[in-house]
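For reference, the structure is listed below as structure tokens.
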Amino acid sequence: MIRIQDLRKRYGKMEALKGLTLEIEKGTVFGFVGPNGAGKSTTMSILATLLEPTSGKAYVGGYEVTERPKEVRKLIGYMPDFFGVYDNLTAEEYLDFYGANYDIPLAERKQIIPQLLELVNLTHKRDAYVDSLSRGMKQRLGLARCLVHNPEVLILDEPASGLDPRARIELREILKELRDMGKTIIISSHILPELAEMCDVIGIVEEGNLVAFGRVDEIYTKMQEKKLLRIRLLDRIEETMEHLRQQPTIAGVTQEGNWIAVGFTGDDQQQVELFRDLAVSGYPVAAFNEDQGDLEEIFLEITKGVGS
Ligand SMILES: Nc1ncnc2c1ncn2[C@@H]1O[C@H](COP(=O)(O)OP(=O)(O)OP(=O)(O)O)[C@@H](O)[C@H]1O
Numbered sequence: 001m002i003r004i005q006d007l008r009k010r011y012g013k014m015e016a017l018k019g020l021t022l023e024i025e026k027g028t029v030f031g032f033v034g035p036n037g038a039g040k041s042t043t044m045s046i047l048a049t050l051l052e053p054t055s056g057k058a059y060v061g062g063y064e065v066t067e068r069p070k071e072v073r074k075l076i077g078y079m080p081d082f083f084g085v086y087d088n089l090t091a092e093e094y095l096d097f098y099g100a101n102y103d104i105p106l107a108e109r110k111q112i113i114p115q116l117l118e119l120v121n122l123t124h125k126r127d128a129y130v131d132s133l134s135r136g137m138k139q140r141l142g143l144a145r146c147l148v149h150n151p152e153v154l155i156l157d158e159p160a161s162g163l164d165p166r167a168r169i170e171l172r173e174i175l176k177e178l179r180d181m182g183k184t185i186i187i188s189s190h191i192l193p194e195l196a197e198m199c200d201v202i203g204i205v206e207e208g209n210l211v212a213f214g215r216v217d218e219i220y221t222k223m224q225e226k227k228l229l230r231i232r233l234l235d236r237i238e239e240t241m242e243h244l245r246q247q248p249t250i251a252g253v254t255q256e257g258n259w260i261a262v263g264f265t266g267d268d269q270q271q272v273e274l275f276r277d278l279a280v281s282g283y284p285v286a287a288f289n290e291d292q293g294d295l296e297e298i299f300l301e302i303t304k305g306v307g308s
């Protein structure tokens, strides 16, 4: 549904996108994650036909965004990461205004707008002024706005930012409904766990490059199979690391001061054997602990190089 090929964008000397390539299948909820300034908004604005790339191609539904912007705009609903000020417009008038912008006839608007308000749980706020709505409600109204022309693709820039947990759950439920309706959704955030719970596929972008890409369920399965063991040694660190590297249940070994961090793929029994082996072999182990690892750290490690 969406294909991005070697996309580059320069702002003066700054290269915000450095040859981004990725593909998103129809019906996928794709999470675009990366720190502030990584290039997420730039990519989304290009897909939304609001910004010209310096080079490269981006296709939505087979249409190239710079060559066929009108067709692309019909296919997409775009929600930017800011919400303008709309004095004197009620929620209903606001949606009607956008519907009219898409040349949707009045009779049809009268039919769709109540459905949209219902979808985003704002029927009770139909006559409330937009500026009086809470942040979560404004986000939901913004979502309804990008649905007025019934687009196949939704591009949502940081929709969950600044929302409290309850509002995030509501947003997630609405996104589920939209996915069930067959929409393809791209949603960005700088917080990976926030996206992981809403998305099927995740891509991590850093400094204009895609550094990781994968299905969330596969990532979770892999994460459950792996944990991080930390071992503190009195000395002989190098030698112990070398010994550990020879073990089949160990995926990676790194030094953190007097500690060794070990990516471990074995089960509990194999973990017992690992520690017994270290003790019997006479390595000066002073302490160990285990943790499931930071989601972001593990995700990056197991998806390393997949999308780049
Ligand atoms: N109009 C512009 N002029 C100059 N530089 C820009 C412009 N827009 C974005 N940039 C720069 O391009 C880089 C990528 O920005 P972009 O907004 O795409 O990142 P982002 O991942 O969406 O981050 P954020 O979450 O902060 O919006 C940043 O370094 C930003 O400062």
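When we follow the UniProt record's numbering, the leftmost residue of the sequence shown carries the number 1, and every step to the right adds one.
Backbone N, C-alpha and C define an ideal beta-carbon position, used for all residues, glycine too.
Check: According to DSSP, is T184 helix, strand or coil?
Finding: One-based indexing of the sequence shown puts residue 184 at position 184. Three-state DSSP puts T184 in a strand.
Next item on the list: Return the first residue and the last residue of the alpha helix (DSSP H) that E256 is part of.
Entry: Locating residue 256 in the sequence shown gives position 256, where the first residue counts as 1. Premise fails: E256 lies in the beta strand (DSSP E), 250-256, not in any alpha helix (DSSP H).
Notebook entry, point to check: Does the region 68-76 come close enough to the region 228-242 that 3 or more CB-CB pairs lie under 8 Å?
Noted result: no
Notebook entry, point to check: Below 7 Å between beta carbons: does that hold for K26 and M1?
Noted result: As a position in the sequence shown, residue 26 is number 26, starting the count at 1. As a position in the sequence shown, residue 1 is number 1, starting the count at 1. Cβ distance < 7 Å, so K26 and M1 count as in contact.
Item checked: Reference L117, options S132, K138, G214, closest by Cα -> In the sequence shown, counting from the first residue as 1, residue 117 sits at position 117. Closest by alpha carbon: K138.
Margin query: I'd like the list of long-range same chain contacts for D6, defined as Cβ closer than 8 Å, with 5 residues on each side in sequence excluded.
Written below: In the sequence shown, counting from the first residue as 1, residue 6 sits at position 6. Here the set comprises G19, L20, T21, S55, G56, K57.
Notebook entry, point to check: Who are the Cβ neighbours of V130 in its own chain at under 8 Å, not counting the five residues just before and after it?
Noted result: As a first step, residue 130 is located in the sequence shown; it is residue number 130 there, counting from the start. Closer than 8 Å at Cβ, skipping near neighbours: Y86, L89, T90, A91, Y94, K138, L141.
Checklist line | Collapsed DSSP secondary structure at G305 in the structure displayed | finding: Position 305 of the sequence shown holds residue 305. Reliability of the predicted coordinates at G305 is poor, the pLDDT of 45 falling under 50, and the value obtained from them is presented with this limitation in mind. Coil.
Note to self: For L122, tell me which candidate among P165, K183, E170, G62 has the shortest Cα-Cα distance.
What the structure shows: As a working note, residue 122 is residue 122 in the sequence shown. Nearest option by C-alpha distance: E170.
Check: In its own chain, which residues sit with a C-beta less than 6 Å from the C-beta of R10, not counting the 5 before and 5 after it?
Finding: The residue labelled residue 10 in the question sits at position 10 within the sequence shown. Excluding sequence neighbours, R10 sits near T54.
Next item on the list: For my contact list, G208 and L17 are in at a C-beta cut-off of 8 Å; report their separation, rounded to the angstrom.
Entry: The residue you call residue 208 lines up with position 208 of the sequence shown. The residue you call residue 17 lines up with position 17 of the sequence shown. About 5 Å separates the two Cβ atoms, so the contact holds.
Margin query: Can you list, in chain order, the residues of its chain with a C-beta nearer than 6 Å to that of R135? Leave out the 5 residues immediately preceding and following it.
Written below: Taking the sequence shown and counting its residues from 1, the one referred to as residue 135 is at position 135. Cβ within range, chain order: G162.
Check: Of the choices K110, G214, K13, S132, whose alpha-carbon is the least far from that of V33?
Finding: Counting from one through the sequence shown, the residue named residue 33 turns up at place 33. Cα-wise, what sits closest to V33 is G214.
Checklist line | Exposure of T28, with buried meaning 16 or more beta-carbon neighbours within 10 Å | finding: Position 28 of the sequence shown, counting from 1, holds the residue named residue 28. Buried: at least 16 other Cβ atoms inside 10 Å.
Check: Is N209 near ligand 1, in the sense that its beta carbon is under 6 Å from a heavy atom of that ligand?
Finding: Position 209 of the sequence shown holds residue 209. False, no ligand heavy atom lies under 6 Å from that Cβ.
Check: By Cβ distance below 7 Å, which residues in the same chain neighbour C146 in space, the five residues on each side in sequence not counted?
Finding: Working through the sequence shown from its first residue, we reach residue 146 at position 146. For C146, where only same-chain residues beyond five positions count, the Cβ hits under 7 Å are G77, Y78, M79, L154.
Notebook entry, point to check: Which runs of the alpha helix (DSSP H) fall wholly inside the region 18-83 and span at least 4 residues, in chain order?
Noted result: 40-47, 69-75
Note to self: Checking 7 Å against the spacing of the C-beta atoms, do F30 and V201 come in under that value?
What the structure shows: Position 30 of the sequence shown, counting from 1, holds the residue named residue 30. Position 201 of the sequence shown, counting from 1, holds the residue named residue 201. Yes; because the gap between Cβ atoms is below 7 Å, this pair is in contact.
Notebook entry, point to check: Excluding sequence positions up to five away, which residues of its chain have a Cβ less than 7 Å from the Cβ of Q247?
Noted result: Working through the sequence shown from its first residue, we reach residue 247 at position 247. These residues qualify, in order along the chain: L274.
Check: Could you give the distance in angstroms between the alpha-carbon of E158 and the alpha-carbon of N36?
Finding: The sequence position of residue 158 within the sequence shown is 158, counting from 1. The sequence position of residue 36 within the sequence shown is 36, counting from 1. Distance between the alpha carbons of E158 and N36 is about 11 Å.
Check: Just to check, is the beta-carbon of A38 closer than 6 Å to a non-hydrogen atom of ligand 1?
Finding: Indexing the sequence shown from 1 puts residue 38 at position 38. Yes, the Cβ of A38 comes within 6 Å of a heavy atom of ligand 1.
Notebook entry, point to check: Is the CB-CB distance between R3 and Y59 below 7 Å?
Noted result: Residue mapping note: residue 3 aligns to position 3 of the sequence shown, counting from 1. Residue mapping note: residue 59 aligns to position 59 of the sequence shown, counting from 1. Yes, the pair counts as a contact, with Cβ atoms nearer than the cut-off.
Notebook entry, point to check: Expressed to the nearest angstrom, what Euclidean distance is found between the alpha-carbon atoms of I113 and L156?
Noted result: Start at 1 with the first residue of the sequence shown, and residue 113 comes out as number 113. Start at 1 with the first residue of the sequence shown, and residue 156 comes out as number 156. So the two alpha carbons sit approximately 20 Å from each other.
Next item on the list: Excluding the 5 residues preceding and the 5 following A261 in the sequence, name in chain order all residues of the same chain whose CB lies nearer than 7 Å to its CB.
Entry: One-based indexing of the sequence shown puts residue 261 at position 261. Taken in chain order, the residues that qualify are L228, R230, T254.
Check: Cβ atoms of V205 and A38: under 7 Å apart, would you say?
Finding: Counted from its first residue, the sequence shown places residue 38 at position 38. Counted from its first residue, the sequence shown places residue 205 at position 205. The answer is yes: Cβ separation under 7 Å.
Next item on the list: Just tell me which of Q115, A160, L133 has its CA closest to the CA of A144.
Entry: What you label residue 144 is simply residue 144 of the sequence shown in a count that begins at 1. Checking every option, the nearest Cα to that of A144 belongs to Q115.
Note to self: At the level of alpha carbons, what is the spacing between L50 and Y98?
What the structure shows: If you number the sequence shown from 1, residue 50 lands on position 50. If you number the sequence shown from 1, residue 98 lands on position 98. For L50 and Y98, the distance between alpha carbons rounds to 17 Å.
Check: Shortest alpha-carbon distance to P151 belongs to which of Y102, R166, H124?
Finding: Taking the sequence shown and counting its residues from 1, one reaches residue 151 at position 151. Cα-wise, what sits closest to P151 is Y102.
Next item on the list: Ignoring anything shorter than 3 residues or poking outside the region 198-233, list the beta strand (DSSP E) runs there in chain order.
Entry: 201-206, 209-215, 227-233
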